[in-house]
Amino acid sequence: MVLLPGYEPAPRDFFARDSLVVAPELLGGVLVRADADGTVAIRLTEVEAYGGERDPGAHAFRGRTARTASMFGAAGHIYCYFTYGMHHAINLVTGQVGQPYGCLVRSGEVLLGADLARRRRLAKPRVSPLPDWQLARGPACVAQSLAATRDNDGDDLFGGEWSFWLPVGHHALPHRTGPRVGLSGPSGDGAEYPWRYWLPGEASVSAYKPAAGKRAAVAP
DNA sequence: CCAACGATTAACT
DNA sequence: GTTAATCGTTGGT
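If you want the numbering used here, it's the position in the first sequence, counting the first as 1, plus 6.
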């Protein structure tokens, strides 16, 4: 069976490197979940790199906690977290064991399972039918399309419901970089680093919003 | 124990 | 451009 013609499974070693190196190479790769409900495949168009203890913007910056434990484990696993009281987001864990590196999957193009992804997105009330290019536009939308929750934290990309594919002979595609989205706080929070990577011209790439919060904090 | 807030989204003025 | 929704995690008392 040729699930994805022209693609081959990424080796685990692909992930066992610095997140800054892996992130741009993830673009164009395909994240797949095949469970009892069906198969959804998403071609990544936008990711962000997080660098653990050296990175003030990373969840793992202040060391290991129960929430972030999976980021400290082996590469090629999933770190899935819950935030804003309602949303989940998926990271692909990179680096060596003990290095809490990861790449946040921000957006992608649904290659397989658009109907299933749409049903999952429609689980939340909404009006008009969702266009394909909006199914996985934004980290929480990616997680919804894949039905990922905290139950999937620590899941392996090899040998389970999940898999990750790269184009045969893959090399990093032409891409752009810029500040990561949603990091807020005084300077020193990591927002100044251009660690967001995306494929230009892709409809699924989320619109850039300058880091929320911090309106002019004028001194009294 | 408890208060503050977040790697967001959708809806609204 | 602004804001409600909604709750687990974190860090301080």
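Beta carbons: idealized from backbone N, C-alpha and C, even for Gly. All figures in this text were calculated on a predicted structure; none of them were measured in a lab.
With fewer than 16 other beta carbons inside 10 angstroms of its own, Y90 counts as exposed.
Assignment of F164 by DSSP, reduced to helix, strand and coil, places it in the coil class. Rounded to the nearest angstrom, the gap between the Cα atoms of H93 and A146 is 6 Å. Distance from the CA of F88 to the CA of D161, rounded to the nearest whole angstrom, comes to 15 Å. Sorting Q140, A123, N97 by C-alpha distance to the C-alpha of D41 places A123 at the top. Pairing P15 with L98, the inter-Cα distance amounts to about 15 Å. When rounded, the separation of the alpha-carbon atoms in P200 and V27 is 13 Å. Around the C-beta of G207, fewer than 16 other C-beta atoms lie within 10 Å, and the residue is accordingly described as exposed.
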